[in-house]
Amino acid sequence: MTAEAETITVDSGDDWASTYTATDSEVTSLRSSVFDYIYENGRRYHAYHAESETSSGYRDGDGAWAVEFADMYPTATVIGTDLSPIQPRMVPPNLTFEVDDCCDEWMYREPFDYIHVRGLYGSVADWNRFYQQALKHLVPGGYIEQAEMGVVPTSDGRSHIGTVYEKWGKASLESGDRFGKTLRIVDESKQRMIDAGFIEVVERRYKLPIGPWPKDKHLKTLGKYFRLVIEESMEMWMMYLWTNVLGSRG
1 MTAEAETITV
11 DSGDDWASTY
21 TATDSEVTSL
31 RSSVFDYIYE
41 NGRRYHAYHA
51 ESETSSGYRD
61 GDGAWAVEFA
71 DMYPTATVIG
81 TDLSPIQPRM
91 VPPNLTFEVD
101 DCCDEWMYRE
111 PFDYIHVRGL
121 YGSVADWNRF
131 YQQALKHLVP
141 GGYIEQAEMG
151 VVPTSDGRSH
161 IGTVYEKWGK
171 ASLESGDRFG
181 KTLRIVDESK
191 QRMIDAGFIE
201 VVERRYKLPI
211 GPWPKDKHLK
221 TLGKYFRLVI
231 EESMEMWMMY
241 LWTNVLGSRG
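In the UniProt record's numbering, the protein residues as written are 1 to 250.
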């Protein structure tokens with residue numbers, strides 16, 4: 001990725017298990033009901049808390065980040081949480097996965113040195129409460145890190161204006177607003193953290209290209225991968241919100 005303020009140069013050439021647990025008031029064994037997935041529009045959604053729609057259902061993590069982090073810091077105790085038990089079984093000994101909803105009351109008995117949040121846009125109804133709970137469960141001097149992505153595609157030369165990307169971005173924001181779980185957190189997280197009581201909050205913004213058009217080799221590689229992400233994830237991102245929330249059928 002490149003810093004948000006920088007303009008990306010276009011390439012003019014042709015080379016374009018783990019121990020699973022489910023939590024309520026305490027950590028318990030994984031219940032079979034967690035595997036009773038909800039199917040709608042030909043897609044599978046998580047079953048944990050599905051009746052209360054506590055998540056949009058398309059933020060399921062495969063645990064890769066937690067596995068890498070646990071490998072990097074073998075003396076740390078690492079807990080990974082998600083709404084679906086889709087993580088690998090072969091993981092580092094210092095890592096456990098829990099099926100849990102971050103929107104519920106946090107029941108951890110010991111505070112954390114570090115909390116990592118990633119890709120929860122469209123998944124949290126009350127971000128102020130979320131950040132307050134995170135602050136409460138950090139040791140003094142602890143850190144929270146959050147990585148989020150904007151859902152409104154833009155371009156350096158405004159070439160996106162009038163295209164399907166512009167329509168997609170506006171409709172996505174509207175669907176999140178109607179659903180009650182904002183997709184705007186990428187623009188709101190810094191101030192919400194400050195309001196919750198965090199200090200020395202630093203925000204860094206980066207551009208993530210779609211496709212291999214950048215001249216820079218690193219950005220070109222990122223663009224190739226992210227275009228694949230877009231192509232593979234478009235239906236997953238839009239199906240529920242655009243049909244059940246916006247009422248689009250065409």
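Glycine included, each C-beta is placed from N, C-alpha and C at the ideal position.
Check for me: the alpha helix (DSSP H) holding residue i runs from which residue to which?
i, result
"Ile194", "185-196"
"Gly223", "217-240"
"Ala147", "From DSSP, Ala147 is part of no alpha helix (DSSP H) but of the beta strand (DSSP E) over 138-147."
"Glu166", "164-179"
"Asp71", "64-72"
Between which two residues does the beta strand (DSSP E) carrying residue i extend?
i, result
"Glu200", "Glu200 -> no beta strand (DSSP E), and no H or E assigned at all."
"Val117", "112-118"
"Lys99", "It should be pointed out that residue 99 corresponds to Val in this sequence rather than to Lys. Unbroken beta strand (DSSP E) run through Val99: 95-99."
"Val78", "78-82"
Apart from the five residues on each side of it in sequence, which residues of its chain come closer than 7 Å, Cβ to Cβ, to residue i?
i, result
"Leu135", "Ala196, Gly197, Phe198"
"Ser25", "Only weak support is given to the placement of Ser25: the predicted model assigns it a pLDDT of 44, under 50, and the question is left unresolved by the model."
"Phe226", "Leu208, Pro209, Ile210"
"Glu166", "His160"
"Lys181", "Ser56, Gly122, Ser123, Val124, Ala125"
When you compare only the Cα positions, how much space is there between residue i and residue j?
i, j, result
"Phe97", "Asp82", "8 Å"
"Leu120", "Arg158", "27 Å"
"Tyr206", "His116", "18 Å"
"Lys220", "Met149", "18 Å"
"Ala125", "Ile230", "25 Å"
"Val78", "Phe69", "8 Å"
"Tyr143", "Tyr131", "12 Å"
"Arg118", "Ala64", "12 Å"
I believe residue i touches residue j by the beta-carbon criterion, under 8 Å. Please report the beta-carbon distance rounded to the nearest angstrom.
i, j, result
"Arg204", "Asn128", "With a Cβ gap of about 22 Å, Arg204 and Asn128 do not count as contacting."
"Trp213", "Gly223", "6 Å"
"Asp113", "Ile8", "Not really, about 36 Å apart at Cβ, beyond 8 Å."
"Gly169", "Val151", "6 Å"
Cβ of residue i within 6 Å of any heavy atom in the ligand COA?
i, result
"Thr75", "Only the bare structure without any ligand can be found here, which leaves the ligand COA out of the picture."
Might you give, ordered along the chain, the residues of its own chain that have their beta carbon closer than 8 Å to the beta carbon of residue i, omitting 5 neighbours on each side?
i, result
"Val201", "Lys190, Met193, Ile194"
"Leu241", "Ser56, Gly122, Ser172, Ser175, Gly176, Phe179"
Taking Cβ to Cβ, would you say residue i is nearer than 7 Å to residue j?
i, j, result
"Asn94", "Pro111", "no"
"Ser172", "Val245", "no"
"residue 281", "Pro85", "Within the shown structure, residues of the chain are numbered from 1 to 250, placing residue 281 beyond reach of any answer."
"Asp71", "Pro92", "yes"
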